[in-house]
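K.L.:
Protein chains in written order, with our numbering: chain A, 984 to 1309; chain B, 26 to 280.
C-beta atoms are modelled at their ideal positions from N, C-alpha and C, and glycine is treated no differently.
I have a structure here, written as C-alpha cells, and I will follow up with some questions on it.
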C-alpha cells in the first residue's frame, strides 16, 4: 500500500510540494502540542493572517524571478518608493484612491522594468543590478521624505478601499489574507498553466535552449521583473492600509524573510524548477516562526537560530530529492 | 532543375571588426541534405544562426521558397518552416517532454493558458508515430534529463516533423553520442529525405557527413571555398581536400 502510494504518479511529480507540506504540518504540530493554550485559540491565527500577506504577496511574485535563475534584491526599496508615492498622492488628492493606486503601481512596474532592462539589455547580473536599484530607490525615498512619515488616517480610515484591502471579513478573517490566498491560486495557475509561466520555466532551465525554441528570453525576463515591481507596490499599499501610515524605512525588513520563504518553498536558485504553492507554505512557515517560538516559551533569541535551522533542513531535503532524480 | 528552398546571396556578417561571414552564396534544394564542413572558426555556426534568425546579417539577401525574406527571430524562422536541432540545446532538461515538444509553440486558449490535455495527447502521438518510442519508460510526462543523447535528438526530430518544417538545421547532432545512438540519428537524417524535407548538416566527423549528405559545402574563415556533389567526390578525396586546406592555409580549393 505504502509503496504503491510512494510510486504513484502524483507523488512522483509532486515531491517538492509534499515535502514542504509535511515540514509545515510537523512545525504546526510542534506549536500545537508545545503551546496548546495559544494554538487552540483563534487570535494567533488571526495575527498570522494579518501579517503574512505583506511579504507573502511579494514572495509569490518573486518565485517567478527566482525560477528564471535570477534574483531581485531591490523589492524592499520598491515597496518604499511606491508606498511613499501612494501616501503622497492619497493625501495630495484628498483621498483619490484610483489616482494613488494607479500611479503607485505604475511606478512599481517602472522600477521592475528598469531592473529588467539592466539585466537583459545591458547585461548586468541581476544580483548586482538590483543591489544598485535597492540603494537607488531607498535613497530617493530618503531624499523626498526627508526622513518624515505620512499619515493617511484621514484619507483612508473607514473608506471603501480600506475595507476591501484590510478589513476583517465577518469580523474575523483579515481581507489581506483572502487576497493573498486568491493571488496565490491565480499565480500558481499562471506559473504552471499559462504560456508565460511555461516560458519562465524554460528560460530558467536553459536560456540557450529556450532561445532556440523561439522563446523571447529578454521579454520573459523583463515581464517577470515588471510583475514583481507591481506586486511589491501592492504589498506596500496593503501595509499602508493596515498601519495607516508611511514610514521611510517601510519595506526594508522584507528581503530575507521573503527570499527565505521562496527557497524554503522549494524553488531552485539554479532556475527552471519551483512551485508557487511551495512558496505559500514557505510563507506560513517563515511567517509563523517568530510568534511560534515565543509561544513555545523560548526567548526571542532563538528566533534566528530556529529560522536558520528550518531553512537549512528544507533546502537540504530538496537537494537530496534532486540528487536522487539525476 | 531541382526546386530551390533556401538561397543565400552575398551574406556578410561582422561582429565588431571581425568579419565572420564574407560574401557567402549558397543554395539548398528541396529534399536535399547539404553538409557544411570546415574547421572551428570557419563560420558554420554563425551561418546557421543567420538562417535560423538568431543573428541578422549585416548585408545580403535571403530567399525562402523563392521569396525574399528577413529572418529576425527564431520564432519567425520556425513559423516559416526552418527548424534547428542542436545536440546540446535541443531540449530543456528539467521540463517534461510534452512541454518541450510544444515550447515556444504552445497550444493555448485565447487567454494564453495551455491546453495541457491536448498537448499531452499530441505529444503521445509524436512519440509513437514520428519517433517510434515504444518503451514504457519514456512517457510524455518524463523529464528530459532521463533520456539518452540519441533519444533527445529523436524528440527534436519528431518535433520538427510534426510541425512540418521544410528545412531542418542540424548542428553537430552526433556530438558525444555512442556509435549506436549516432546510427539512430543518421537514420533520422536519411528519413528526412524520404519525407522530401531538406536539411543542413554540420558535423566534424567526415564519415558521418559523407554517409548522410548529398552535397558538401566547405567553409573557411567565413568564405565558401569549395562545393561538391556526392557523386563528384569520394569520401577519401573529401578528407584529402580538408587536410589540404588545413595544411596549405589556402583560401580557394580546386574543385
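Whether or not the region 1055-1063 of chain A and the region 1212-1221 of chain A are in contact is what I'm after, with contact meaning three or more pairs of Cβ atoms, one per stretch, closer than 8 Å; do they touch?
P.N.:
Yes, the region 1212-1221 of chain A is in contact with the region 1055-1063 of chain A.
K.L.:
Beta-carbon of residue 1307 of chain A versus every beta-carbon of chain B: anything under 8 Å?
P.N.:
No, residue 1307 of chain A lies away from the interface with chain B (no Cβ there is under 8 Å from its Cβ).
K.L.:
Helix, strand or coil: which one does DSSP assign to residue 101 of chain B?
P.N.:
Helix, per DSSP.
K.L.:
Going by DSSP, name the residue or residues bridged to residue 240 of chain B.
P.N.:
Bridge partners of residue 240 of chain B: B:59 and B:254.
K.L.:
Going along the chain, which residues of its own chain have a beta-carbon closer than 6 Å to the beta-carbon of residue 1180 of chain A, five neighbours each way excluded?
P.N.:
Taken in chain order, the residues that qualify are 1173 and 1174.
K.L.:
Between which two residues does the alpha helix (DSSP H) harbouring residue 1201 of chain A extend?
P.N.:
Here the alpha helix (DSSP H) through residue 1201 of chain A covers 1200-1226.
K.L.:
Roughly how many angstroms separate the alpha carbons of residue 280 of chain B and residue 67 of chain B, rounded to a whole number?
P.N.:
Note that residue 280 of chain B scores a pLDDT of 47, beneath 50, so its modelled location is shaky and nothing firm can be said.
K.L.:
For residue 124 of chain B, decide whether its Cβ has a neighbour in chain A, counting only Cβ atoms nearer than 8 Å.
P.N.:
Closer than 8 Å to some Cβ of chain A, the Cβ of residue 124 of chain B qualifies, so yes.
K.L.:
Apply the 10 Å Cβ neighbour rule to residue 1050 of chain A and answer buried if 16 or more other Cβ atoms are within range, or exposed otherwise.
P.N.:
Classification of residue 1050 of chain A: buried, given that the 10 Å Cβ count is 16 or more.
K.L.:
Ignore the nearest five residues each way along the sequence and tell me which others in residue 1002 of chain A's own chain have a CB closer than 6 Å to its CB.
P.N.:
Once the five neighbours on either side are set aside, the close Cβ partners of residue 1002 of chain A are 1300.
K.L.:
By the 9 Å beta-carbon criterion, what residues does the region 1189-1200 of chain A contribute toward chain B?
P.N.:
Answer set for the region 1189-1200 of chain A: 1189, 1191, 1192, 1193, 1194, 1195, 1196, 1197, 1198 and 1199.
K.L.:
Could you confirm whether any beta carbon from chain A is found closer than 8 Å to the beta carbon of residue 72 of chain B?
P.N.:
For residue 72 of chain B, the answer is no, since every Cβ of chain A falls outside 8 Å of its Cβ.
K.L.:
Check distances from the C-beta atoms of the region 1162-1178 of chain A to those of chain B and list, in chain order, the residues that come in under 8 Å.
P.N.:
Cβ contacts with chain B come from 1172, 1176, 1177 and 1178.
K.L.:
Which same chain residues end up closer than 7 Å to residue 169 of chain B when comparing Cβ atoms and leaving out the 5 residues on each side of it in sequence?
P.N.:
Around residue 169 of chain B: 116, 117, 118, 120, 122, 125 and 177.
K.L.:
When DSSP builds the beta bridges, which residues end up paired with residue 84 of chain B?
P.N.:
B:37.
K.L.:
Work out the CA separation of residue 1032 of chain A and residue 1159 of chain A for me, nearest whole Å.
P.N.:
The alpha-carbon atoms of residue 1159 of chain A and residue 1032 of chain A are separated by roughly 8 Å.
K.L.:
Taking just the CA atoms, how far does residue 226 of chain B sit from residue 69 of chain B?
P.N.:
Cα to Cα, the separation comes out at about 10 Å.
K.L.:
Just grab the DSSP bridge partners of residue 165 of chain B for me.
P.N.:
In DSSP, residue 165 of chain B forms no bridge with anything.
K.L.:
Show which residues of chain B have a CB atom less than 8 Å away from the CB atom of residue 1256 of chain A.
P.N.:
Within 8 Å Cβ-Cβ: 119.
K.L.:
Using a Cβ-Cβ cut-off of 8 Å, state whether residue 997 of chain A counts as contacting chain B.
P.N.:
So no, residue 997 of chain A is outside the interface.
K.L.:
Use the C-beta contact count for residue 1094 of chain A: other C-beta atoms within 10 angstroms, 16 or more gives buried, fewer gives exposed.
P.N.:
It is buried - the Cβ of residue 1094 of chain A has at least 16 other Cβ atoms within 10 Å.
K.L.:
Using a C-beta cutoff of 8 Å, does residue 207 of chain B count as contacting chain A?
P.N.:
No, residue 207 of chain B does not count as interfacial toward chain A.
K.L.:
Can you tell which of A:1021, A:1074 and A:1069 has the C-alpha that lies nearest to the C-alpha of residue 1089 of chain A?
P.N.:
Answer by Cα proximity: A:1069.
K.L.:
If I'm right that residue 1227 of chain A touches residue 1134 of chain A with Cβ under 8 Å, what's the distance once you round it to whole angstroms?
P.N.:
The pair is a contact, with the Cβ atoms about 7 Å apart (cut-off 8 Å).
K.L.:
Per DSSP, residue 284 of chain B is paired with what?
P.N.:
Look at the range of chain B in this structure, 26 to 280, and you will see that residue 284 of chain B is not part of it.
K.L.:
Measure the CB-CB distance between residue 1220 of chain A and residue 1240 of chain A and report whether it falls below 8 Å.
P.N.:
Not a contact, by the Cβ cut-off of 8 Å.
K.L.:
Would you decide whether residue 174 of chain B is buried or exposed? Buried here means 16 or more other CB atoms lie within 10 Å of its CB.
P.N.:
Under this definition residue 174 of chain B is a buried residue.
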